[in-house]
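J.:
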Amino acid sequence: MALEEQTEREWLGRAKLPHEAVFFFTPLCGTCKVGLRMLEIVQAAGVDLPIVQININFAPALRDGWRVASVPALVLVRDGEPVQTEYAMQSVDSLYRLLKAFTP
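Take 6 as the starting number for the sequence shown in our numbering and just add one per residue.
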């Protein structure tokens, strides 16, 4: 299952969800591709948390406002506000446990 890609404008313009995650990437980032694949596996394993991906090159407001320092970055968001940022996508298991714990 592929993660939905959104633009910064699309994400900012829609209704905020109580719990969700935003995955920041760049197209040429190899570790971003690995992180994306791990997140797809986590979703397929049954984590019921909306996750969108946003190209950080075209998301200056979110990048600067949320102080995203590098990619890949997975930001856990509650009611439109960032609550935790993960830069190290260590394993499918660690991402599964992180997202499962954040899912209401």
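Built from N, CA and C at the ideal position, the CB exists for glycine as well.
Determine, using beta carbons only, whether F30 and V80 come nearer to each other than 8 Å.
T.: Walking along the sequence shown from the start, residue 30 turns up at place 25. Walking along the sequence shown from the start, residue 80 turns up at place 75. Their beta carbons are not under 8 Å apart, which means F30 does not touch V80 by this criterion.
J.: Taking the beta carbon of Q89 as the centre, do at least 16 other beta carbons fall within 10 Å, making it buried, or is it exposed?
T.: Reading the sequence shown from its first residue, position 84 is the one you call residue 89. Classification for Q89: exposed.
J.: Determine the extent of the alpha helix (DSSP H) in which A106 is found, giving its start and end residues.
T.: In the sequence shown, the residue the question calls residue 106 occupies position 101. Segment 97-107, the alpha helix (DSSP H) holding A106.
J.: Using a 10 Å radius around the Cβ and a threshold of 16 neighbouring Cβ atoms, would you call V76 buried or exposed?
T.: Counting from one through the sequence shown, the residue named residue 76 turns up at place 71. Result: buried.
J.: Compare the beta carbon distance of V39 and I59 with 8 Å and say whether it is the shorter of the two.
T.: In the sequence shown, residue 39 corresponds to position 34, counting from 1. In the sequence shown, residue 59 corresponds to position 54, counting from 1. The answer is no: Cβ separation not under 8 Å.
J.: Do the CB positions of L54 and E25 come within less than 8 Å of each other?
T.: Locating residue 54 in the sequence shown gives position 49, where the first residue counts as 1. Locating residue 25 in the sequence shown gives position 20, where the first residue counts as 1. Cβ atoms of L54 and E25: closer than 8 Å.
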